[in-house]
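80 is the number that the numbering used here gives to position 71 of the sequence shown; each next residue is one higher, with no gaps. Backbone N, C-alpha and C fix where the C-beta goes; we use that ideal spot for every residue, glycine too.
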Amino acid sequence: MEKGIAGCYVCEESCSKGLLGKIKPLGFRTFIQRYGVEALLDCLERNEKNGVMYHREGINGDYDKFENVEDLISFIQSGK
């Protein structure tokens, strides 16, 4: 990566470049910054078991329907 870091979630800069200009990547990054990678993976696994789809049609899925980061983070946590 350009900055020599593991991922955008490690960077402390507020950024909306590239993919971070979209709600889903920004929400996932913010979730990881708050709760960690393992927590995100646990939530995604639980949600998938409960029918939440990362990709439904093409590249869009249940995590793509949000207009703001906080609503997406709430959905990641609850699956609802």
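Beta-ladder partner(s) of residue i, from DSSP
i, result
"GLU66", "ASN69"
Exposure label - residue i; buried when at least 16 CB within 10 Å
i, result
"LEU49", "buried"
"MET10", "At MET10 the pLDDT is 47, less than 50, meaning the model places this residue with poor confidence; the figure from the coordinates comes in the next sentence. When all chains shown are included, MET10 counts as exposed."
"GLY67", "exposed"
"GLY36", "buried"
"ARG38", "buried"
Whole-Å CB distance - residue i paired with residue j, under 8 Å assumed
i, j, result
"VAL61", "ASP51", "Actually they do not touch by this definition, with Cβ atoms about 13 Å apart."
Sub-8 Å separation of residue i and residue j beta-carbons
i, j, result
"ARG55", "GLY88", "yes"
"ILE41", "LEU81", "no"
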